[in-house]
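Student: Quick one: the structure is below, questions incoming.
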Amino acid sequence: MQPMILPANQPANRFYRGGAQITAFRSESTQPCGEYDPEDWVASTTCCYGQDTLGLTKLDNGRILVDEIQSHAEQWLGPDHVEAFGSSTRILVKLLDAGQRLPVHAHPHRDWAKRHLGTAYGKAELWYVLEPGVMRVGLRESITQERLRALVDAQDVETLVALMHEVPLKRHQAVYIPPGVLHAIGEGMLIAEVQEPSDLSVFCEWRDYAIDGSKDGHLGLGFDVALTAVETSGRTNEDIAALITDPDTEGPLASHHTGEYFTVERHNVVGSASPESFAPGFAIIIVFEGDNLQMTTTAGGSAALALRKGNTIVVPYGAGSFQLKGSGSVIIARPPRP
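Each residue of the sequence shown is one higher than the last, beginning at 2 in the working numbering.
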């Protein structure tokens with residue numbers, strides 16, 4: 002088995018604008034992109050919420066990636082992973098282009114999701130900033146569930162947003178978003194997002210978006226229940242700063258936060274004399290800088306896969322260890338360690 006470069010996989014007609022920055026990042030100007038195609042689901046084995054197949058990655062051979070993995074789980078994921086976790090990849094990776102500020106929302110913790118929805122995953126996530134902007138994350142002061150419910154019912158967006166921390170983000174910073182924490186990605190940002198494999202959101206804002214939050218914003222549970230997934234305790238400036246990594250960080254990103262959910266690493270590859278080498282295992286790679294990278298694998302021998310900025314790659318366990326040489330920078334996302 003060998004690594005595969007993947008085409009864009011942008012579910013159409015999402016509830017917020019975006020998509021053009023993904024096309025530009027990938028240098029796929031010939032690929033049509035709608036005004037509401039703001040997400041690229043990379044090596045996805047996860048469906049969009051409420052859908053049967055939308056969001057799933059299709060391979061060049063016409064097969065659906067999740068079907069391939071379920072049919073050949075040990076070759077894709079490795080025996081230790083399969084023994085610990087079964088045939089789930091346990092991660093979802095996206096490129097996300099915020100053509101407008103995203104609505105204020107939160108994602109449930111997996112314990113809450115299991116209790117109320119019977120699902121195995123919540124949605125912890127990490128953002129890697131490719132184009133900068135301003136995020137809103139966490140409450141500056143504690144509020145009651147009753148006040149949160151009143152703000153949601155009234156769609157008092159101005160008050161809700163004013164209650165949140167406003168944080169400017171630079172290129173190459175990474176941000177961990179814990180389950181339950183209210184957040185909103187700022188207009189103009191382009192991020193790579195690594196998360197648990199779910200599409201669960203509780204919406205606290207929908208007034209200016211292509212979604213009816215009163216109907217679709219509470220996961221079918223009603224807001225009395227859904228809002229119990231949302232953190233109402235305030236966080237200090239220091240609490241928020243602890244979620245953000247320095248833009249010069251290489252290697253593991255926020256692993257003290259994310260280790261139980263997934264692993265994310267940033268690597269800068271410089272030169273060919275001593276290529277970067279990586280252990281076998283399922284991996285999803287995004288090349289975010291450079292046009293002269295080459296990947297070789299143990300299974301592939303001397304055959305090299307040429308990579309450039311904008312490529313997204315899925316690497317199966319069966320490819321063996323892999324090496325990167327040349328010049329460029331990558332994000333490597335993997336499942337949690339068994």
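The beta-carbon is built from N, C-alpha and C at its ideal position, and this holds for glycine as well.
1) Could you say which of Ser330, Ala125 and Arg338 lies nearest to histidine 268 if we only look at CA atoms?
2) In whole angstroms, give me the CA-to-CA distance for glutamine 174 and alanine 125.
3) Consider the Cβ of alanine 114: report whether some Cβ of chain B lies at a distance smaller than 8 Å.
4) Inspect the CB distances between the region 101 to 111 and the region 230 to 239 and report whether three or more fall short of 8 Å.
5) Measure the CB-CB distance between alanine 47 and leucine 93 and report whether it falls below 8 Å.
6) Going by DSSP in three states, histidine 258 sits in which element: helix, strand or coil?
7) For the alpha helix (DSSP H) that threonine 24 lies in, which residues bound it at each end?
8) Thinking C-beta only, is leucine 164 closer than 8 Å to glutamate 188?
9) Roughly how many angstroms lie between the CA atoms of arginine 15 and serine 303, to the nearest whole one?
10) Cα separation between proline 8 and phenylalanine 204?
11) Identify the continuous beta strand (DSSP E) that holds glutamate 290 and give its terminal residues.
12) Figure out for me which residue from Val138, Asp209 and Leu191 has the closest Cα to the Cα of glycine 181.
13) Could you tell me which of Pro12, Ala85, Gly100 and Tyr129 sits nearest to valine 265, measuring between CA atoms?
14) By DSSP, does tryptophan 113 sit in helix, in strand, or in coil?
15) Is it buried or exposed for glutamine 52, if we count other Cβ within 10 angstroms and need 16 for buried?
Tutor: On the basis of the data shown:
1) Nearest C-alpha to histidine 268: Ser330.
2) Taking the CA atoms as reference points, glutamine 174 sits about 17 Å from alanine 125.
3) Annotation note: the requested chain B is absent from the structure, which comprises a single protein chain.
4) Yes, since at least three Cβ pairs between the region 101 to 111 and the region 230 to 239 fall closer than 8 Å, the two stretches touch.
5) According to the sequence as given, residue 47 is threonine; it is not alanine. Cβ distance < 8 Å, so threonine 47 and leucine 93 count as in contact.
6) Reduced to three states, the DSSP call for histidine 258 is helix.
7) Per DSSP, threonine 24 belongs to the alpha helix (DSSP H) from 21 to 27.
8) Not in contact: glutamate 188 and leucine 164 (Cβ atoms no closer than 8 Å).
9) Roughly 42 Å separates the two Cα atoms.
10) Their backbone Cα atoms lie some 30 Å apart in a straight line.
11) Start and end: 284 to 298.
12) Ranking Val138, Asp209 and Leu191 by CA distance to the CA of glycine 181 puts Val138 first.
13) Residue Tyr129 is the option with its Cα nearest to valine 265.
14) In the structure shown, the three-state DSSP call for tryptophan 113 is helix.
15) Glutamine 52 should be labelled exposed.
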